[in-house]
Every structure is written in C-alpha cells, then in structure tokens.
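Working notes for the structure below.
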Amino acid sequence: MRGNVACKGSAATVFIVFAIVLLGASPRGRAADSEALWKIVHDKCVPGEQQNGNPAPCAFVDQREGDAKGYAVLKDIVGTTQYLLIPTARVPGIESDSLLAPDAPNYFADAWRERSFTERAAGHPLPRQAISLAINSAFGRSQNQLHIHIDCIRTDVAAALQRQLGVIGDSWAPLPEPLAGHTYMALRVLADDLDGANPFALVADGVPGAHDAMGRQTLVVVGAEFADGHPGFIVLTDRVDLATGDRAAGEELQDHDCALAQNLH
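In our numbering, the protein residues as written are 2 to 266.
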C-alpha cells in the first residue's frame, strides 16, 4: 500500500457533510447531488493532499502522474469494508470515451492494487477470490463521477463462480448460472494483476454491441485462482434491460459487510 492510509484531524463538520452527500455513491441510496463524489475529491481530498499532505475525507490520493491519471481512495459509508476508487480527472462514468483511449489510465489495475484498504477494514488479509471490483452502468448509479467499488464478493456469488470456474474461458460467453438473478457474460484473465489487461477495453472490444453503448454495461472483476494454482481474474459484464428491471448494477454482486471475512476468520 502506498501513501497515507489514516487521515488525521478531519473536522466533525466535514465528516457530517461527507456522510450526507456520499449516500448517493450506491444505487441503494439516492443523493440529491449527483456531483457529490466529484466535489469531495476535487474540492477536499486533492487540495488537502497538495497543501498539507492530508487527503481527508479520502484515505489516499495518488497524483504522481498528475490529475489526468491520478485517483483517490474513499471509504463509502455503506458497509464496513467498501472503498471507492475515484479518478482525480473529470470522468463521468463507464460511458466516457476517455476510458478507451490508447493512453487511458487503467483504473481497475489501480483499484486492485488498493484492495488492502478493504482487507484492513475486514481485519485480516483476504484470498484474491474474496475481492471484487465493480462499476455500475449509467442506469444503475446515482453519481456522475466514475467510481469503482472495492469490496468483498458475496458468498453465494463466490460459490457460483467456483462451480463455473472450469467453463470460464478466454472468450466472452454467458455464464451458465445466474448471479443475483441476472445473466452475466464472463471472461478469464490469467495474470497476477491487471496491469496488462484493461477491463473497460475487454468489454468494449469483445462484447457485441458494447463499444457504442458502454453506458448500458456494468463491469465486475473478481480475483480467481485457476487450474494448477494459476492466479487470475474473472471479468463479468451485464447489460441494462429496463423491461425486466435489470439496471446493470454489478455492485449487486458485492457484500459490503464481507461475510467471507467472517467465515475465514
């Protein structure tokens, strides 16, 4: 983990405002201000880090490559183990063309590196299969600043993925078993980290119809261990289907209180 994990001296008033506006980071709690996350990062975390080395209310700000490729890590008030990775550049969401540019930051790779925030909140290290990264579709979010949810995977979802591990291959295909009541497409990535595989590009370039309608996609990455102990990831995507009530909110696959951590303790 790089940078300062703990934030010191944050005022009670800042925390109260933060708690109110951050309710909108999850589709389960709608905020009146869809720009709340952007204002927290842009107006508080980044200036605090630059001026006095204190990114509060964020836990961490990384701007070694400047605003364009930097990010902040923020504790979400929903749950005990959920953190958000938020770009310091203005990026509205999964539909943003900048995410598919040749020199685009790999925010999912950054989020995976920062998973130890969730592990610390859980109280001990977690196996890679317990950690997930999720971004909701434009129809399944309430905030108009890109944010990747870093948290544990639900126990039932983990079990389903383990059962289907052998059929998840190197090409996109529908997962035979629904997850949280929805049909996801799945792809495997054989690597210890995500530095060489940008999930945004994997969906845009590999899922039919996704490139021109990325705002209708949700994207979830789950750590995995494949045959012979080979480390990797399961990349999952679902598409909005308003007729069936599917808003493509992949965050539904996460457990913000991390029951898996309790089971492993």
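Backbone N, C-alpha and C fix where the C-beta goes; we use that ideal spot for every residue, glycine too.
Original post:
Just reading off the beta strand (DSSP E) that residue 232 is part of, what are its end residues?
Top reply: Taking the first residue of the sequence shown as position 1, residue 232 is located at position 231. Taken as a continuous stretch (DSSP letters only), the beta strand (DSSP E) holding residue 232 covers 232-240.
Subject >> Separation of residue 222 from residue 135, as counted between CA atoms >> reply: Within the sequence shown, residue 135 is the residue found at index 134, counting from 1. Within the sequence shown, residue 222 is the residue found at index 221, counting from 1. Going from the Cα of residue 135 to the Cα of residue 222 covers about 6 Å.
Original post:
Counting Cβ pairs, one atom from each stretch, are 3 or more of them under 8 Å apart for the stretch 240-260 and the stretch 205-221?
Top reply: yes
Original post:
First and last residue of the alpha helix (DSSP H) that includes residue 50?
Top reply: For the purposes of this step, residue 50 is identified with residue 49 of the sequence shown, where counting begins at 1. Here the alpha helix (DSSP H) through residue 50 covers 47-53.
Original post:
In chain order, what residues of the same chain have a beta carbon less than 8 Å from the beta carbon of residue 156, not counting five sequence neighbours either side?
Top reply: Against the sequence shown, residue 156 aligns to sequence position 155. Around residue 156: 256, 260, 261, 264.
Original post:
Which one of 109, 158, 137 has the shortest CA to CA distance from residue 131?
Top reply: For the purposes of this step, residue 131 is identified with residue 130 of the sequence shown, where counting begins at 1. Per the Cα distances, 158.
Original post:
For residue 90 versus residue 68, is the C-beta spacing smaller than 7 Å?
Top reply: Counting from one through the sequence shown, the residue named residue 90 turns up at place 89. Counting from one through the sequence shown, the residue named residue 68 turns up at place 67. It is a contact, given that the beta carbons lie within the stated cut-off.
Subject >> Residues that residue 75 bridges to, as DSSP identifies them >> reply: For the purposes of this step, residue 75 is taken as the residue at position 74 of the sequence shown. Paired residues: 85.
Original post:
Hey, is the stretch 68-88 in contact with the stretch 33-47, meaning 3+ C-beta pairs nearer than 8 Å?
Top reply: yes
**OP:** Whole angstroms is fine: what's the gap from residue 220's alpha carbon to residue 198's?
**Re:** In the sequence shown, residue 220 corresponds to position 219, counting from 1. In the sequence shown, residue 198 corresponds to position 197, counting from 1. Those two C-alpha atoms are separated by around 14 Å.
Original post:
Using DSSP with H/G/I as helix, E/B as strand and the rest coil, what is residue 170?
Top reply: Position 169 of the sequence shown, counting from 1, holds the residue named residue 170. Residue state, collapsed to three classes: coil.
Original post:
What is the C-beta distance between residue 254 and residue 144, in whole angstroms, given that I count them as a contact (C-beta under 8 Å)?
Top reply: The sequence position of residue 254 within the sequence shown is 253, counting from 1. The sequence position of residue 144 within the sequence shown is 143, counting from 1. In fact, because the Cβ distance is near 19 Å, the residues do not count as touching under 8 Å.
**OP:** Taking all protein chains shown into account, decide if residue 51 is buried (16 or more other Cβ within 10 angstroms of its Cβ) or exposed.
**Re:** On the sequence shown, position 50 is the one that residue 51 refers to. Exposed, because fewer than 16 other Cβ atoms sit within 10 Å of the Cβ of residue 51.
Original post:
Can you name, in chain order, every residue of its own chain whose Cβ lies under 7 Å from the Cβ of residue 168, other than the five neighbours on each side?
Top reply: The count along the sequence shown starts at 1 and reaches residue 168 at position 167. If we look at residue 168 and ignore the five residues flanking it on each side, its Cβ neighbours are 177.
**OP:** Using three-state DSSP, classify residue 260 as helix, strand or coil.
**Re:** If you number the sequence shown from 1, residue 260 lands on position 259. Correct three-state label for residue 260: helix.
Original post:
By a C-beta neighbour count over all protein chains shown, 10 Å radius and 16 as the cutoff for buried, is residue 23 buried or exposed?
Top reply: By one-based count along the sequence shown, residue 23 stands at place 22. Only weak support exists for where residue 23 lies, its pLDDT of 46 falling under 50; the coordinates are left without a value.
Subject >> Proximity to residue 97 [Cα-Cα], best of 84, 127, 218 >> reply: Here residue 97 corresponds to residue number 96 of the sequence shown, with the count starting at 1. For the residues 84, 127, 218, the minimum Cα distance to residue 97 belongs to 218.
Subject >> Contacting residues, own chain, Cβ-Cβ under 6 Å from residue 185 (five flanking each side not counted) >> reply: Position 184 of the sequence shown, counted from the first residue, corresponds to residue 185. The residues are 176, 237, 239.
Original post:
Under 7 Å, do residue 87 and residue 112 count as touching if we go by C-beta distance?
Top reply: Taking the sequence shown and counting its residues from 1, one reaches residue 87 at position 86. Taking the sequence shown and counting its residues from 1, one reaches residue 112 at position 111. Taking 7 Å as the Cβ cut-off, residue 87 and residue 112 do not qualify as a contacting pair.
Original post:
Quick one, which of 82, 200, 182, 49 has its alpha-carbon nearest residue 58's?
Top reply: Indexing the sequence shown from 1 puts residue 58 at position 57. The residue with the shortest Cα to Cα distance from residue 58 is 49.
**OP:** Could you tell me whether the Cβ atoms of residue 191 and residue 233 are closer together than 7 Å?
**Re:** Taking the first residue of the sequence shown as 1, we reach residue 191 at position 190. Taking the first residue of the sequence shown as 1, we reach residue 233 at position 232. Taking the C-beta atoms as reference points, residue 233 is found nearer than 7 Å to residue 191.
Subject >> Runs of beta strand (DSSP E) lying entirely within the stretch 177-217, each at least 3 residues, in chain order >> reply: With a minimum length of 3 residues, the unbroken runs of beta strand (DSSP E) contained wholly in the stretch 177-217 fall at 186-190.
Subject >> Per-residue DSSP class, three states only, for residue 146 >> reply: By 1-based counting over the sequence shown, the position of residue 146 is 145. Here residue 146 sits in coil by DSSP.
**OP:** Out of 127, 64, 152, point me to the one whose CA is closest to residue 1's CA.
**Re:** This structure leaves residue 1 out entirely; the chain is present only between 2 and 266.
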